[in-house]
Every structure is written in structure tokens, then in C-alpha cells.
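One structure is given below, encoded as C-alpha cells.
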Ligand SMILES: Cc1cc2nc3c(=O)[nH]c(=O)nc-3n(C[C@H](O)[C@H](O)[C@H](O)COP(=O)(O)O)c2cc1C
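Numbering (the working numbering), first residue to last: 4 to 163.
Written out as C-alpha cells, the structure reads:
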């Protein structure tokens with residue numbers, strides 16, 4: 004199984020998690036800044052990772068390079084998404100980036116796996132929630148850093 008993790012990160016949190024995750028699952032972590040179109044397609048599992056910035060927006064490098072994803076042929080591709088966010092300061096747009104990426108890949112024909120429970124988080128609104136579940140893995144290193152390891156471990160078990 005070949006796994007590509009494509010990430011963007013301003014202050015390093017998502018990057019660190021993506022690199023750790025790649026080691027754990029023998030995958031390739033690729034910064035969206037350096038990604039090639041083939042990085043989205045030449046793998047059996049594609050993992051996308053993006054923090055939320057602004058008021059519910061994608062991280063800037065994702066924003067600037069979004070065409071790579073919007074133009075990728077993801078027909079029947081298995082995709083999983085994780086995002087970092089801050090539920091205390093941004094309870095109305097918590098991990099919105101997960102939902103933004105989800106809508107794009109669904110539109111491109113992908114099959115998204117790795118939905119997770121919203122229990123254990125406190126927020127009021129998120130684009131990442133559909134039918135009461137996050138459409139990916141939500142991580143909050145600002146407020147719940149001690150949950151991160153367990154959340155990642157059970158998510159990886161789920162998606163692999
Ligand atoms: C200016 C600013 C805006 C942010 N906006 C949001 C937001 O709308 N929703 C959210 O869940 N987190 C938001 N965050 C929190 C970041 O997503 C979070 O700190 C994340 O871990 C940063 O990841 P990075 O270190 O990989 O860049 C914001 C952070 C900053 C500094």
C-alpha cells in the first residue's frame with residue numbers, strides 16, 4: 004500500500020503531525036508547496052492535512068495551490084482528511100478546512116474514509132461536520148494536545 008500525506012502548515016503543528024504519521028505508516032509526507040499533480044494520484048491512499056485559518060479558511064499554501072487538487076482525477080480514489088484547529092478561540096469555524104477539502108474531493112469523485120465522532124470536542128459550528136460526524140480527523144493541539152496521540156492511533160487503525 005502506498006500512502007501520500009499532502010499537508011500545509013503555517014506554524015508547524017500540522018507539519019509535525021504529518022511527518023510523524025508518515026513515519027508510523029510508512030507513507031510519504033509532501034508539503035503542498037512542493038506537491039506535483041502525480042502526488043495526488045500515484046498512491047493507493049491519499050491523506051490530506053490542513054489547518055484552518057482566517058475565519059474558517061484553508062491554510063494559505065493550500066489556498067494558493069488548490070488548483071492541484073481541483074484538477075486531480077480522483078475517480079474512486081480513497082482519500083482521508085485530517086485538520087488542526089482551535090475549538091476555544093474559533094468555535095464557529097472549528098476545523099472548517101476539513102469540510103472545504105471534503106467538498107472538493109467528493110466533487111472530484113473520491114471515496115472519503117475516516118469519519119470520526121464529534122464527542123469530546125466543544126464547538127458550535129463546523130463545516131467539517133456532516134450528519135453529526137466529522138468527515139475526517141479533527142485535532143486540537145491548542146487545547147487538547149494530550150488527546151492527539153490516541154486520536155491519531157485510532158484513526159490510523161480505522162483508515163488502514
Ligand atoms: C489567525 C488565526 C486564525 C485561525 N482560525 C481558525 C479557525 O477559523 N478555525 C480553527 O479551528 N482554528 C483556527 N486557528 C487555529 C489553527 O488552525 C491551529 O492553531 C493549528 O494548529 C495551526 O496549525 P499549523 O501550526 O500547522 O499552522 C487559527 C489560528 C490563527 C493564528
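We treat Cβ as the ideally placed atom computed from N, Cα and C, and that holds for glycine.
query, result
"Just the C-alpha distance for residue 13 and residue 63, rounded to the nearest angstrom, thanks.", "8 angstroms"
"What is the DSSP secondary structure of residue 153, reduced to helix, strand or coil?", "helix"
"Pull up the CB-CB distance for residue 48 and residue 4, whole angstroms please, since I reckon it's below 8 angstroms.", "6 angstroms"
"Considering only the beta carbon of each residue, do residue 117 and residue 150 sit closer than 9 angstroms?", "no"
"How close, in whole Å, do the beta carbons of residue 115 and residue 83 come, if the pair is a contact with beta carbons under 8 angstroms?", "7 angstroms"
"What do you get for residue 90, buried or exposed, if any count of 16 or more other CB atoms within 10 angstroms of its CB means buried?", "buried"
"Per the contact definition of three or more C-beta pairs closer than 8 angstroms, is the region 95-112 in contact with the region 67-81?", "yes"
"Quick one: Cα of residue 43 to Cα of residue 94, how far?", "31 angstroms"
"Out of 52, 121, 16, 71, which has the shortest C-alpha to C-alpha gap to residue 6?", "52"
"If I follow the unbroken beta strand (DSSP E) through residue 100, where does it start and stop?", "Looking at the DSSP string, residue 100 is not in any beta strand (DSSP E); the run it does join, the alpha helix (DSSP H), is 99-110."
"According to the neighbour-count rule (16 or more other Cβ atoms, all chains shown, within 10 Å of its Cβ), is residue 54 buried or exposed?", "buried"
"Have a look at the DSSP bridge pairing and note the partners of residue 80.", "Its beta-bridge partners do not exist; DSSP assigns none."
"What three-state label does DSSP hand residue 128 in the structure shown?", "coil"
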